[in-house]
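Below is one structure, written out as structure tokens, with a few remarks after it.
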Amino acid sequence: MSLQEVFTLELKNTAPRAIAFGQMYGNERDIMVFGLYGGDIHTFRGSNGKAAGEPWNVGALISDIALDVRKGVLCMDEPSSGTNLYRLEEHKYMCMKTFPVAVTKRQRIRQVDFLDECKFIISGSDHGVVYVFDHRSGEIVDELRVDPHEWVQTVAAADCARVSTIFAAKSRDLGGSNEILVWRQKSKKRFGAAGIACVLVAFPYLNIATPRMYGF
Numbered sequence: 013m014s015l016q017e018v019f020t021l022e023l024k025n026t027a028p029r030a031i032a033f034g035q036m037y038g039n040e041r042d043i044m045v046f047g048l049y050g051g052d053i054h055t056f057r058g059s060n061g062k063a064a065g066e067p068w069n070v071g072a073l074i075s076d077i078a079l080d081v082r083k084g085v086l087c088m089d090e091p092s093s094g095t096n097l098y099r100l101e102e103h104k105y106m107c108m109k110t111f112p113v114a115v116t117k118r119q120r121i122r123q124v125d126f127l128d129e130c131k132f133i134i135s136g137s138d139h140g141v142v143y144v145f146d147h148r149s150g151e152i153v154d155e156l157r158v159d160p161h162e163w164v165q166t167v168a169a170a171d172c173a174r175v176s177t178i179f180a181a182k183s184r185d186l187g188g189s190n191e192i193l194v195w196r197q198k199s200k201k202r203f204g205a206a207g208i209a210c211v212l213v214a215f216p217y218l219n220i221a222t223p224r225m226y227g228f
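Residue numbering for the sequence shown follows the working numbering, starting at 13 and increasing by one per position.
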């Protein structure tokens, strides 16, 4: 496989935090660039890199985003308050719901993701918890405990063999090993207090030892 440069962009006064791309508006293949500090969202045509209108500003920091092009929804995390869910319609962003995440120590960048075809939204925190929200009701349906004294920045979700799976890891200011925690949904029922099981703690970072199995 060989890579070919299509275009190059330079954004002044912007610290890109995330990039998303896809067929978001009709047949247009767009690239969206999210600025960390300024809160600007730039949209460019994927074929030539030309700007698709003026940037849209959310008026806050953007720490992470998750985008589902097929469903036309965007999840955006704002460190001081929580996660906001938007619907993309004709180059407009309509805020549908906010999922509050408390700041107990200090504002920290944290990741977000969609789970189970956007039925749930997951978010990290500054106090060692991964939150699982129901996207319709906005309620917290589960709290996955990682470490009450640590910052959970890294989260991700995937369907592994048709089973909804959540990954999370602590962030450290110093070096050393770290663990990646993995939860799998026990059944096709909604996530809840008994709906997720921590099935393994993966090997420490850069250590290829065999994962240790855990159960409840």
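Cβ coordinates follow ideal geometry from the N, Cα and C atoms, glycine included.
Looking only at its own chain, which residues have a Cβ that is under 7 Å from the Cβ of residue i, when we skip the five neighbours before and after it?
i: V115; result: S92 and D138
i: G58; result: F33, R41, D42 and I43
i: Q35; result: R41 and V81
i: C87; result: I77, A78, T95, L97, V124, F126 and I133
i: K117; result: D138 and H139
i: M106; result: Y98 and R99
i: V113; result: G94, T95, S135, S137 and Y143
i: L15; result: none
Distance, Cα to Cα, residue i vs residue j?
i: V70; j: V158; result: 30 Å
i: F111; j: E151; result: 8 Å
i: Y49; j: L73; result: 5 Å
i: A78; j: I133; result: 9 Å
i: W163; j: R174; result: 29 Å
i: E101; j: N25; result: 27 Å
i: R120; j: L156; result: 18 Å
i: K104; j: C130; result: 20 Å
i: R266; j: L23; result: This structure leaves residue 266 out entirely; the chain is present only between 13 and 228.
i: F56; j: G47; result: 14 Å
i: N39; j: I192; result: 39 Å
i: K83; j: Y37; result: 12 Å
i: H54; j: A63; result: 7 Å
With a threshold of 16 other CB atoms inside 10 Å of the CB of residue i, please say whether the residue is buried or exposed.
i: D125; result: buried
i: Q123; result: buried
i: A30; result: buried
i: A140; result: Before going on, a small fix: residue 140 reads as Gly here, not Ala. It counts as buried.
i: S75; result: buried
i: E17; result: exposed
i: G65; result: exposed
i: H161; result: exposed
Closer than 8 Å by C-beta to residue i: which residues in its own chain qualify, once you throw out the five before and the five after it? Chain order, please.
i: T299; result: As displayed, the chain neither begins before 13 nor continues past 228, which places residue 299 out of reach and without an answer.
i: K109; result: N96, L97, H147 and G150
Suppose contacts are defined by Cβ-Cβ distances below 7 Å. Is residue i in contact with residue j by that definition?
i: P67; j: D52; result: yes
i: M44; j: A27; result: no
i: V142; j: A180; result: yes
i: V85; j: G136; result: no
i: V144; j: D154; result: yes
i: Q165; j: S189; result: no
Might you give, ordered along the chain, the residues of its own chain that have their beta carbon closer than 6 Å to the beta carbon of residue i, omitting 5 neighbours on each side?
i: R148; result: none
i: G61; result: F19 and L21
i: M13; result: none
query = What are the start and end residues of each continuous beta strand (DSSP E) run of 3 or more residues lying completely inside the stretch 71 to 106, in chain order?
reply = 76 to 80, 85 to 90 and 94 to 101
key: Those runs of the beta strand (DSSP E) which lie wholly inside the stretch 33 to 70 and span at least 3 residues   = 40 to 47 and 52 to 57
Length at least 4, wholly inside the stretch 125 to 159: the alpha helix (DSSP H) runs in chain order = none
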